[in-house]
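Engineer: Pasting in a structure now, in structure tokens, and then I'll have a few things to ask.
In my numbering, the protein residues as written are 388 to 832.
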């Protein structure tokens, strides 16, 4: 038995013996440890547990608390007060009294699954004694967090000495250290009312609500084992800055919601018999759009390296390109340059593009990509110091003409802004119709 802190009992009534007599490895993390640690997610709390690992999205699992116990997935073996919780949520510990991790097969106690073990989240419940606790945290990356925990006996309201009310609240807002764009916002409330505390008959009514509004983040690209252009980084993270966000700031989002209403009734008949009923209604929602930073096939991708004194003269890209290793060809409507070297590691090497608006000189941070019409004149200026590494490739568009593409893009952006500023406005439908009618005229399919 591994007890972190001073807790000496497990909440589940299915364990009738003291912890020291239970033939399993059990880790109990009490509220005191959670508060001293300053944990702001369930994953922070579970870092106290040996043998438990925290995964990301391996295996195509949806976002949320993706946990592994003794090598087996435990994402479906999370319980709240002894009742299985299947929701794909990113849980917050603001309403937790303690966390209990039972390792090893436990289907006799907890039903199907639980091969590696189970994780039981014990919610805060009313007690006889008054309790008031508040925390306010300020941190880096615009972290602001407030939690409140109030337990108040209701004797003065004429509800008896054994009736008590407890309320836990949460407000949290933060960015993510070392990541651009990504942010998390959530709020929660958990009221509970108990009757008959420390008597033979007990009734507890509780409600839990947690709402989250985040920006989805799938991290930086992972170089596939088959990638030839970045052979030195196969099966490793791509050589790009960790903070680079590869999603779409104006589109990607993650909205999570969790509502739980619970009624718990207990009646003691002596020291050895306690009938117990716990009924729960729960509703969990997850609505999100994410942009995974995946590598496309590198057959049509090339890497160039410019050292001191090297450059590439003014030119227009070839209209047709052969896709390496295939009989297919691609029409080069759009050219793409992905900068792989940090700009402070070399001087010169600017990408210069000439279009109807004049001459543009571009030098972007590593991991940033530039799209430009393949019909434009462009060149790479001489490198005067260091080494410039970039990837370049071409895209065939359904709309060949650059002016038509620009018009469709501007129209699409305007439609999205109108929809955000004035939801469900009739002009949004009309402009969307214009957009698709133009696409019908111009698109090659």
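Every residue, glycine too, gets a C-beta built ideally from N, C-alpha and C.
Taking buried to mean at least 16 other C-beta atoms within 10 Å of its own C-beta, is residue 685 buried or exposed?
Structural biologist: Any reading at residue 685 needs caution, since the residue's pLDDT is 49, under 50, leaving its predicted position unreliable; the model's value is listed next. So residue 685 ends up on the buried side.
Engineer: Which whole-angstrom value describes the C-beta separation of residue 535 and residue 556, a residue pair presumed to lie in contact below a C-beta threshold of 8 Å?
Structural biologist: Confirmed, Cβ separation roughly 4 Å.
Engineer: So, is residue 796 buried or exposed, given that buried needs 16 or more other C-beta atoms within 10 angstroms?
Structural biologist: Classification of residue 796: exposed, given that the 10 Å Cβ count is below 16.
Engineer: Between the stretch 540-555 and the stretch 581-589, do three or more beta carbon pairs fall short of 8 Å?
Structural biologist: Yes: at least three Cβ pairs fall under 8 Å.
Engineer: Quick check: the Cα distance between residue 759 and residue 452, rounded to an integer number of angstroms?
Structural biologist: Roughly 40 Å separates the two Cα atoms.
Engineer: Can you grab the Cα-Cα spacing for the pair residue 751 / residue 828, in whole Å?
Structural biologist: Cα-Cα distance, rounded: 35 Å.
Engineer: Using only alpha-carbon positions, find the residue among 830, 465 and 816 that is nearest to residue 506.
Structural biologist: It is 465.
Engineer: Beta carbon of residue 738, beta carbon of residue 767: below 8 Å?
Structural biologist: Result yes, Cβ atoms of residue 738 and residue 767 sit closer than 8 Å.
Engineer: Less than 8 Å between the C-beta atoms of residue 722 and residue 781, yes or no?
Structural biologist: Closer than 8 Å, so yes.
Engineer: With DSSP run on the structure shown, which of helix, strand or coil describes residue 830?
Structural biologist: Coil.
Engineer: DSSP has residue 743 in a bridge; who is on the other side?
Structural biologist: For residue 743, which the question treats as bridged, DSSP gives no partner whatsoever.
Engineer: Since residue 803 is in the alpha helix (DSSP H), which residue starts that stretch and which ends it?
Structural biologist: Taken as a continuous stretch (DSSP letters only), the alpha helix (DSSP H) holding residue 803 covers 789-808.
Engineer: Compare the Cα-Cα distances from residue 478 to each of 528, 426 and 405 and report the closest residue.
Structural biologist: Among 528, 426 and 405, the Cα nearest to that of residue 478 is on 426.
Engineer: For the alpha helix (DSSP H) that contains residue 772, what are its first and last residues?
Structural biologist: Not the alpha helix (DSSP H): residue 772 falls in the beta strand (DSSP E), residues 770-782.
Engineer: Does DSSP classify residue 759 as helix, strand or coil?
Structural biologist: Looking at residue 759 - three-state DSSP - the assignment turns out to be strand.
Engineer: If you measure between the beta carbons of residue 504 and residue 442, is that distance less than 8 Å?
Structural biologist: Contact flag unset, no.
Engineer: Sorted by chain position, which residues of the same chain lie with C-beta nearer than 7 Å to residue 753's C-beta, five sequence neighbours on each side aside?
Structural biologist: Correct list, in chain order: 627, 628, 726, 727, 728 and 729.
Engineer: On the CB-based measure, 16 or more other CB atoms within 10 Å of its CB, does residue 809 come out buried or exposed?
Structural biologist: Its Cβ having fewer than 16 others within 10 Å, residue 809 is exposed.
Engineer: Express the C-alpha separation of residue 532 and residue 502 in angstroms, rounding to a whole number.
Structural biologist: C-alpha separation (whole angstroms): 36 Å.
Engineer: Among 439, 524, 432 and 473, which has the Cα closest to the Cα of residue 483?
Structural biologist: Nearest C-alpha to residue 483: 432.
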